[in-house]
Structures are given as structure tokens and as C-alpha cells.
Amino acid sequence: MNIRLTFLRLLQWLGFRAKSYQTQLVAEVPDDPHPFKVYAIGDPHIWQAAFLCPCGCGHLIQLSLLKSDSPRWDLKVDRDGNATISPSVWRTLGCQAHFFVRGGRIIWCDDHTK
395 MNIRLTFLRL
405 LQWLGFRAKS
415 YQTQLVAEVP
425 DDPHPFKVYA
435 IGDPHIWQAA
445 FLCPCGCGHL
455 IQLSLLKSDS
465 PRWDLKVDRD
475 GNATISPSVW
485 RTLGCQAHFF
495 VRGGRIIWCD
505 DHTK
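Position one of the sequence shown corresponds to residue 395 (my numbering), numbered consecutively onward.
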């Protein structure tokens, strides 16, 4: 497990809350994506979600929302704009972060990469 991810989990365990992940509707992935933004991509139909990895590695995560794709995810947005993505996101390369996005918050999963 990398040190950055361990530190983020420690802060969460101690009760510190990160900013919430807000959803922004866009036609395409921005050239310079911002942290704590989940971009709902598509006009008029949302077909993809994109956001920077919450571990801080800087990787842009892009998830298909198309029902015909496999794997695919669901994106729900509450009335405050907070994102919920299901199922979990697990990067199999790079930082190997594994987490849920629920109500705009990141919920880290146990490290199964050892």
C-alpha cells in the first residue's frame, strides 16, 4: 500500500472529512480536470463519468455508464450535486486504489493487492 493512501485512510479514520465530490454536467472531458469534481459527460445523454483519482496520484479515471458496456457503472446525483457511483472503483494499475463514492464521499476498501 502506498504512503499517500495510508495517510488518507488514517485521516478518514480520525474523523477528518475531505471535500465532497460534486457532479458537473459537461459535453466532454475537460483539458484540466479539477479535484473533487465528477464530470458527467454527454449531451443530451450522459454516457461516461470522469474524475481524478482520490488517492492523489493524478490519474484521470473514466467510467462507462452505458448499459451495453461491461464493465459499467451507475452515477446518481443527489439534490445537492453529490455523486454516488456504483459499484466500487478499483484501479488495477498504478496506485491500485479501491474505493466507493457515496454521497460525494470516498469510502476506502481494504487493500487486496498484497
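No residue lacks a Cβ here, since even glycine has one placed at the ideal position from N, Cα and C. In this text the structure is predicted, and so the values were computed from the model without any measurement.
Cβ neighbours of residue i in the same chain (closer than 8 Å, five flanking residues each side left out)
i      : result
Ala444 : Val423, Pro427, Val432, Tyr433, Ile435, Leu454, Ile455, Gln456 and Leu457
Reduced DSSP category for residue i - H, G, I as helix; E, B as strand; rest coil
i      : result
Thr486 : coil
Leu460 : coil
Ile435 : strand
Ile500 : strand
Ile479 : strand
Ile455 : strand
Thr507 : Per-residue confidence for Thr507 stands at a pLDDT of 41, beneath the threshold of 50, marking its modelled position as unreliable; no derived number is given.
Neighbourhood of residue i by C-beta, 6 Å cutoff - its chain only, sequence neighbours within 5 removed
i      : result
Phe494 : Ser482 and Ile501
Arg496 : Thr478
Thr417 : Val432, Ala434, Val471, Gly475 and Ala477
Pro487 : A quick correction: the sequence has Leu, not Pro, at residue 487. Excluding residues within five positions, none has a Cβ falling inside 6 Å.
C-alpha distance - residue i paired with residue j, whole-angstrom precision
i      : j      : result
Ile440 : Gly475 : 15 Å
Gly452 : Leu469 : 21 Å
Cys447 : Arg485 : 9 Å
Arg473 : Cys449 : 26 Å
Leu419 : Pro429 : 15 Å
Leu460 : Leu404 : 35 Å
Ser414 : Asp425 : 22 Å
Pro438 : Pro465 : 22 Å
Ser462 : Ser480 : 16 Å
Thr400 : Ala421 : 35 Å
7 Å CB neighbourhood of residue i in its chain, flanking five on each side removed
i      : result
Gln442 : Ile435, Gly436, Gln456, Leu457, Ser458 and Leu459
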